[in-house]
Each structure stands twice: as C-alpha cells, then as structure tokens.
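Asks: Please read through the structure below; I'll follow up with questions.
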Amino acid sequence: MFQSNKDRLLTALVIGMAAIAGSIVVIIAIFVVKESIPAMTHIGGSRFLTDESWHPADDAPRGQFNLLPILLGTVLSSMGAICVAAPLGVLSAVFCQFYAPLRVARWYRMIIELMAGVPSVVFGLWGLVVLVPIVASIHPPGQSLFTGIIILTLMILPTVVLLTDAAFSSVSHSYRQGAAALGLSRATTVLSVMIPAAWSGIVTAVLLGLVRALGETMAVVMVCGNVVRLPKGLFDPVRTLTGTIALEMGYARGDHRASLFFCGMVLLILVAVLVASIEIANRRGRHDTT
Amino acid sequence: MTSSKPVSVRDPSPQNSPRVTATNLTIRYGDKVALRDVSLTFEPGTITAILGPSGSGKTSLLTSLNRLTDLIPGCRVDGSLLLGEEEVLRQQTDVVSLRHRVGMIFQRPNLFPMSIRRNLELPLREHGSRNQNQINEKIERTLVEVGLWDEVKDRMERSALTLSGGQQQRLCLARALVLDPEVLLLDEPCSALDPISTGVVETLLVNLRSRCTLIVVTHNLAQARRIADKSALLWSEGDGGRLVETGETRTMFGSPRESVTEAYLRGYVG
Amino acid sequence: MTRRKTWFQFLFDVSVWLSPLPIAGLFLWLIGDLILRGSGAFWPDAAEVGGNSVVIVFEQIIQFLTAAPERAGRGGGIGPILISTGLILSVCMTVALPIGLGTAIGLSEFLPVNSRFGRLVRRSLDVLSGVPSIVFGLFGNAFFCRFLGLKFSIASGGLTLACMVLPLLIRSAEEGFRAVPDSQRQAAAALGFSRWSTVFRIILPQASLGIVVGLILGTGRALAETAALIFTSGYVDRMPRSLGDSGRSLSIHIYDLSMNVPGGNENAYASALVLVASLAVINLGAHQLMTRLLKREVAYA
C-alpha cells in the first residue's frame, strides 16, 4: 500500500504498541513463574500439601508450608459466595427483565451499577465495622467464613446480575413472542424458554462472578479472620490465597517470598482454567442468541 | 503520476478531461468473481450510465476506477485501467493523487459531522492549499456551481448534517468538485432522494460535462435515458458480471442489439 | 395437574419478587451507614455549636481534605494522601492513554479484520482483564520495584495500575472507533485522504467521546484499586516529594486505618466517604457523556 514515510512510521508505532499491550499478560506470567521457582524447587509440591502447618520461613528447610487450609479457605469462600450469588443474581435479573415494571427495573439496575462501582475496601470496611459485630453476637468470633461469604456475595452480585441481564436482552425477541402467543405463564416462559436460550450467557456470568470472587483480596482480608487453620464450621475464621499474599508480602524474603509468588501462580492457573471454560461454554451456546 | 500539488484552477473544457479506458478488467473478492473481463471506454466530457441488475458488478467496476477497491480486504483487480495515458492499477500508483483527479459520490450522502465550510475546506487543505483567500473563493465558486450558494451562504458554520437529503448530496458533489477532478464517479447518486431533488441533481450532472467525464451507476432506466450520452449494460449469470452491450443511449434503448439488453430494458428480466 | 403447576409457578414468582430485596436492602444499608458514619466525622461536637454549623461542617471538610494525618491517621486529614493518589493516577493515565489509544488505532484501523496478530492481542487483553489485582501487585513488585529498580514508589504504583486499566481503555477506544460509520472512511478515502489523515482528521474527532468515557472509567477503576498498590507504591503517609517517593493511595489509607490503627475507624469512614463521593462524580460524568454519545449516533441515521 502506498504510504509516505511519516505514515509508515506511525503505522509501525501503533502496531508496536499493540504488541506491547498484547505481551503484558505474558510478561506477568513469566515473572510470577520465575519468582515462584525457588518455592517449587526448594519446597516442592508435596510439602505444600503435607507439611504440618503454615509457618513459612525465609529458608525452606526451617519453615512449614502447608497450603491446604489456605487453598480450602479460597475455595470455600468463593464457592460459598457463588452458590448464593448465582441463584440470587439470576433471579433478580429475571425480576429486572420479566417481572418488574419499567421504572422499578430502571432503579434496580442503577442500584446494581452503583454496587459495581464500590471499591472493595469500602465493602471490607462496612463488613468489619457493621457485619462482624452482628455475626459475633450470633456466633463468635465474627470474623469468619460466614461473614466472608456474605461480603463476597454482595461484591460479585453486580457481575452476575448485569451479565445475566445482558444475556436475556440479547435473546431473540421472537422467543418471548412465541411463548406469549402460546399463552405460557411468565414462570414457564422464563424457566422453559428464556433461561435455556440465554444459558451460555448465564454460565459466563456465573463463571466471571467466580473469577471475581477468587481474585478478591481486601474485603476478604478484612472480614475473614485470617487464621490459617482448617475451618471446622461456617463460623470459623479462614485465610485465603489472596489474603496470604497481601498479609505476608510486606516482610517475606527468600523462599517465603517465593512461596507467595507460588500462591499467585496458583491463582493465575485457577483463573485461566475458568476463563477457558467460559470460552468453551460460549462456543457451544452460540446458536441460541440473536 | 505527479504527487499532490496545490489546487489550481484548471480551464474546464472537455479537452482537459481524459479518456478512461478499461481493458479486460476482472475483479475478484476472494474466490468470488464480481466482474469478468470487461473492456469499456469512457469518452471525455460525456456522461456514461452503467446499467444492470443487482450483482452484475456495477459498483465493483465503479470503485475500481479510483482504487477504492484497495479498502476491501481480499479484493483483487486484474487487467488494465488507463486514465488518459497512465496505468492506474500499478502497485506504485499514487492513489492519493489519483483520488484527487477522480472524485466519487456515494449512494447516501456521507458528509463529515462538521460545518458546511469545514466539509469543503478539509479536502482543499489536505491536498496542499494554504491561502485562505483562495480557499474561500474556491468554496464559493463551487457552491454556486452546484446551486447551493444562495441556500447556505448564511449558514456556512452550521453543521452540514442539518441540510436536507437533496442539499446534502449536492454538498457532497461540491466537496468532490473543489478538488477539480477530471473524472467523477457516481454510485446511484439519486436513489435516496425525492423526485424534485433528483431533478436538481440531474440537471447539475448534465452541466458538469463541460468540466469532467462522468460515470454514473444507476438502477433507474428513465434516469439513464434522461442524462446519459452513452450507456453500458452489465449482466451476470452467477459467475461474474460481463459487458453485454454498450453504445449511444438513444440507440441502445431504441434498437438494442442483444436480446438480453432488450429484455432488461423492457423490464422483462432483472 | 394444572393446579400443581400453578403452585410451583407461584413459588417461582414469589422468589423472583423477593430476590432483589436482600440485595438492594444490604446495599442501601451499606451506603446509608457510609454516609452517616462518614459524615459523622465532620459534624461539630456539641460544645462547638457556636457559629453557623453549616460553615463549621464545610471548614471541617476542607480541613480534612488538606491537612496531614496525625497520630498514624487517627487525627488530622488526608491531604498528602490525596496528593499521592492524584500522582499515582496521573502516572497511570499518562502511560496507559497513549499505549491504549495507539493499540486501539492499530487494532481497529490498520490491521486486517481477521489478522492473527490482532486476534492474539485481543485474546491476551481479555486474559489480562481477568488477572486478580493481587497478582498485579506481585508482578508490579517483582518487575517495577525490583527488576527495574524503582522500589516502593508512586511511579511503580502508577505503572502497575497502567497495566491494569489498559484492557479497559482499549476496549472503550475501540467502541468509539466502531461507532464511526464506514461511510465516513469511504468519503475520506474517495477525497484522497491518506490512512493517517483519515485517522487524525475524521475518525479520532468522532471517536473522542468513546475515548474520554474509557479514560473516565479507567480512572474510576484505578481509584478503587488497593491490592495492586500495597507492594508497589507503599504505605508512607507523608507528602511525597517526587514520583520516586513512596506514597499511599486513599484506598490503602482506608485499609490501614481500619485494620492496623486502633481508633482509626472514624477517619477510615470519612476517607471512604471521600473515595465513594469522588467515584460517584466520576461515574456520573461518564454516564452523561455516554448518553451524549448515543444521541450523536442517532444523528448519523
């Protein structure tokens, strides 16, 4: 293509920028893996699961590196949150799309969008100052898996609701018309027609909510108690992967620091697996939307 | 082809418009052939109408003449296209300069969302004009030429999008004409306009023959009859448009040589 | 049989109608609590109610916004912290905007539609937007603080945030470009504009609204960020003297006050109110611009 020299330079520049932007995620992966190598070589996979406890030291042999309670903390808090947020979120998206009068739906959407913009420290602050004492009065200590699940649920609900709402919006209008013409009740229309039609979008919404829950750090640190111990009940304190990194990076050196990067790597892998599943779910369900 | 130089007033006369010659022009989009082996000559200072049903390659032919086909990914143009004596289809051709000499009007007006003045100024400045007086003069003269001056002279700073459809299309014409093109390509220029605006634009096109060669793609047989000196009929059997017949409009419409031509002109097919 | 279906449908209908209540309820509780407790720091004590209480409240707010923190933040204000936050955001946007805009231009105007490179870049940006913020913190620490030797500094924090907001900026800019109809590009091409002339004179001005929206949303996202900054820009609550100095952002201040400083809750709430109020203003601005963007698209039709 005919271009002046100045034009050619500019084009090369923006292509170069695109290359930089595209390589950031690769560089992140490289650095995270690189920094966690000492942990993998000095500590090794089995120790992460079989050591006595989590009492990390800067020197591998002198510390204990059992990640199991921490992993469990992450899994339980995130799964707990999504188990509440998924049905609640989908139902309220159904409310917005099919049941609520237009004005109420608009207000509700606005509230959800506002929720999406609240920073995690603010959720954590409220959880710490308001929720924790209330939970403590029901069942001490207050800072626990239970409180964490409540806060996480609130934080990922906007993601689930807004994406499910969008999924419903993009379902072809002809489905709704067809159901109405057949005289189906609203409940049946939603359950038998709309939800199956928007299924891949709903699955995406839920999985993305889960991704958000897994990655959440500040609010979790503030309300979960951060004790590294296998929780015996819902009201026991827990520690998550993200919380561990946040709390210990400040003073961790050597192998301890490397083990924290290892936690980061685990997080990346979890997120990558979820994102890949979203991709698969989307590819399969593409026929149902307009 | 010389690189862009400042716009100067050329003496508008048929002798200055070049002859456009297409030889064995074949246009492909990927594997699909849109135009097959078309050879046509467009005489200077005339209006040629390109006729044919949808899919016969009319627009492809038109857009190849100013290399706008370069914008379409996967499009390949083979054959020869001469603007005067110069080959247009070469790799080294300066397309920017080419499009200075060959202007184009589209089916729907595509003015920039700017003031009327700026729509006309931008192409002039882009191609090197610097003298504000010269620019203003050129703008006024061109607006007079398209019959818009009285209608817009008091609202030059207002958005061009506030004009009516017919006015917008005439402004598009003015925008192309400020560059003093030697050839003007028009892709169904009146199809989005009401009959009165169509009449105004058609009169304008006929008058423009004195300063450039016009090539008009049109669906409207009556329009071709009204304004075109020559006509060419393209026809596709599904494997690319071919040239069926070409000649003086009056002759072609009165006593067509090919049976396809006769059938199309009478409305039996297409 | 019909009776049984109706019973089930009834249950479903009830759950649907009930579902928004806990969500909206808890959220409104949170916001109400934030406003009450947050502004509580500014209400004058009973003893001080001498002059005009509105003026006193106003003075207290200004005092809070400009004074330096005292006693680890229990008293005083958040002046230096606001400066640090502003500086971090500036670094972030100064780096992210050109790269984001350039990438968006490259992706939407210069690469062929189905180019492999384009798809790879887009895919990698999608993955990037899913990376947890704490991992950005780890990366920022390892790359900017250590590898590039910037140490705990506003620069490190800003650069880390730039990586975070890049996907958002690029996506918004691309939306802006997509909103410009192809007929504009054709018109420019037919008039002999070069590709870059078209970009600068025709496309960018028309896409500017989308770009600005992206900028605003990116700023909002960066403002709310904490985990990525803890180990990159640091904890220092003094006035920073340069970009190489460490400085804490508003969100980190809230975290520190509520978790590490006994008695810091009052100021934590006040800071949280300032943060949420700023975000509200930012998002309102973006919303207004977006509605204007939609109105403009209609004009093309």
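Protein chains in written order, with the numbering used here: chain W, 10 to 299; chain F, 2 to 271; chain B, 3 to 303. Ideal placement from N, C-alpha and C gives every residue a C-beta, glycine not left out.
1) Express the C-alpha separation of LEU134/W and ALA228/W in angstroms, rounding to a whole number.
2) Please classify ARG248/W: is it buried, with 16 or more other beta-carbons within 10 angstroms of its beta-carbon, or exposed?
3) Pick from GLY75/B, ILE37/B, GLN11/B: whose alpha carbon is nearest that of PRO264/B?
4) Can you have a look at GLN106/W and say buried or exposed, based on whether 16 or more other CB atoms are within 10 angstroms of its CB?
5) Would you identify the three-state DSSP class for MET105/F, choosing helix, strand or coil?
6) If SER87/W sits next to LEU161/W, beta carbons under 8 angstroms apart, how far is it from one beta carbon to the other, in whole angstroms?
7) Is the shortest distance between the beta-carbon of SER260/B and the beta-carbons of chain W less than 9 angstroms?
8) Roughly how many angstroms separate the alpha carbons of LEU256/W and PRO240/W, rounded to a whole number?
9) Touch check for the region 219-232 of chain B and the region 149-169 of chain B: three-plus C-beta pairs under 8 angstroms?
10) Taking 9 angstroms as the CB-CB limit, is ASP128/B close to chain W?
11) For LEU133/B, would you say it is in contact with chain W, using Cβ-to-Cβ distances shorter than 9 angstroms as the test?
12) Taking C-beta to C-beta, are LEU111/W and SER21/B nearer than 9 angstroms?
13) Give me the Cβ distance between PHE74/W and ILE91/W, rounded to the nearest whole Å; I'm assuming they're in contact under 8 angstroms.
14) Based on DSSP bridge pairs, tell me the residues matched to GLU227/B.
15) Just checking, does the region 153-167 of chain F make contact with the region 181-188 of chain F on the three C-beta pairs under 8 angstroms criterion?
16) So GLY236/B contacts chain F; which residues on that side make the cut at Cβ distance below 7 angstroms?
17) Could you tell me whether the region 171-185 of chain W touches the region 265-279 of chain W, using the rule of 3 or more Cβ pairs below 8 angstroms?
18) So, is the C-beta of SER18/F closer than 9 angstroms to a C-beta in chain B?
19) Let me know the secondary structure DSSP gives PRO207/B once reduced to three states.
20) Is the Cβ-Cβ distance between LEU67/B and LEU91/B less than 9 angstroms?
21) Could you check whether the region 218-232 of chain W touches the region 151-168 of chain W, counting it as contact only if at least three pairs of C-beta atoms, one from each stretch, sit closer than 8 angstroms?
22) For the 8 angstroms Cβ check, are there 3 or more pairs between the region 134-148 of chain W and the region 206-215 of chain W?
23) Grab me the residues of ARG238/W's own chain with a C-beta within less than 6 angstroms of its C-beta, minus the 5 sequence neighbours each way, in chain order.
24) Taking only beta carbons into account, state which residues of the region 151-175 of chain B come closer than 7 angstroms to chain W, listed in chain order.
25) Name, in chain order, the residues that DSSP records as bridge partners for SER232/F.
26) Count the C-beta pairs between the region 32-43 of chain F and the region 198-209 of chain F that are closer than 8 angstroms, then say yes if the count reaches three, no if not.
27) Below 9 angstroms between beta carbons: does that hold for VAL78/F and LEU26/F?
28) Output the distance between the C-alpha atoms of LYS43/W and VAL84/W, rounded to the nearest integer angstrom.
29) Of the residues GLU127/F, THR42/F, LEU235/F, VAL261/F, which one's Cα is nearest the Cα of SER81/F?
30) On the three-state DSSP scale, how would you describe ALA207/W?
31) Counting contacts by CB-CB distance shorter than 9 angstroms, is MET203/W in contact with chain B?
32) List the residues of chain W whose Cβ lies closer than 9 angstroms to the Cβ of ILE213/B, in chain order.
33) Does the Cβ of ASN67/F have 16 or more other Cβ atoms within 10 Å, making it buried, or fewer, making it exposed?
34) How would you list, in chain order, the residues of chain B whose beta-carbon sits under 7 angstroms from the beta-carbon of VAL139/W?
35) Would you identify the three-state DSSP class for TRP45/B, choosing helix, strand or coil?
36) I need the boundaries of the alpha helix (DSSP H) containing SER55/B, first residue and last residue.
Replies: Per the coordinate set shown:
1) Distance between the alpha carbons of ALA228/W and LEU134/W is about 7 angstroms.
2) Buried.
3) When C-alpha distances from PRO264/B are compared across GLY75/B, ILE37/B, GLN11/B, the shortest belongs to GLY75/B.
4) Counting the other Cβ atoms within 10 Å of the Cβ of GLN106/W gives 16 or more, which makes it buried.
5) DSSP places MET105/F within a strand segment (E or B) once states are collapsed to three.
6) Sure, about 7 angstroms apart at Cβ, within 8 angstroms.
7) Against chain W, the CB of SER260/B has a partner CB under 9 angstroms away; the residue lies at that interface.
8) C-alpha of LEU256/W to C-alpha of PRO240/W: approximately 19 angstroms in a straight line.
9) Segments in contact, yes.
10) At least one C-beta of chain W is nearer than 9 angstroms to the C-beta of ASP128/B.
11) The amino acid at residue 133/B is misidentified as Leu; the sequence shows Val. Residue-level contact check: VAL133/B touches chain W, since one or more beta carbons of chain W fall below 9 angstroms from its beta carbon.
12) For LEU111/W and SER21/B, no; Cβs fall outside 9 angstroms.
13) Contact flag wrong, Cβ pair sits at about 28 angstroms.
14) Beta-bridge pairing links GLU227/B to no other residue.
15) No contact exists between the region 153-167 of chain F and the region 181-188 of chain F.
16) Within chain F, no residue has its beta carbon less than 7 angstroms from that of GLY236/B; the closest one is some 47 angstroms off.
17) Using a Cβ-Cβ distance cut-off of 8 angstroms, the region 171-185 of chain W and the region 265-279 of chain W are not in contact, since fewer than three pairs of beta carbons, one from each stretch, lie closer than that value.
18) Answer no: the Cβ-Cβ gap between SER18/F and chain B never drops below 9 angstroms.
19) Judged by DSSP in its simplified three-state form, PRO207/B adopts helix.
20) At the C-beta level, LEU67/B and LEU91/B stay beyond 9 angstroms of one another.
21) Note that the region 218-232 of chain W touches the region 151-168 of chain W; at least 3 beta-carbon pairs, one per stretch, sit closer than 8 angstroms.
22) Touching, no, given that fewer than three Cβ pairs across the two stretches are closer than 8 angstroms.
23) Scanning its chain for C-beta atoms nearer than 6 angstroms, with the 5 sequence neighbours on each side dropped, one finds around ARG238/W the residues PRO78, in chain order.
24) Of all residues in the region 151-175 of chain B, those with a C-beta nearer than 7 angstroms to a C-beta of chain W are CYS165, LEU168, ILE172, reading in chain order.
25) Paired residues: ALA50/F, GLY248/F.
26) Per the Cβ contact rule, the region 32-43 of chain F is not in contact with the region 198-209 of chain F (fewer than 3 Cβ pairs under 8 angstroms).
27) Yes, Cβ-Cβ distance for VAL78/F and LEU26/F is below 9 angstroms.
28) One C-alpha to the other measures close to 25 angstroms.
29) Residue THR42/F is the option with its Cα nearest to SER81/F.
30) Of the three classes helix, strand and coil, the one that applies to ALA207/W here is coil, per DSSP.
31) No, because no Cβ of chain B sits closer than 9 angstroms to the Cβ of MET203/W.
32) Correct list: empty, because the minimum Cβ distance to chain W is about 14 angstroms.
33) Per the 10 Å Cβ criterion, buried.
34) Simply ASP35.
35) Here TRP45/B sits in coil by DSSP.
36) Start and end: 55-68.
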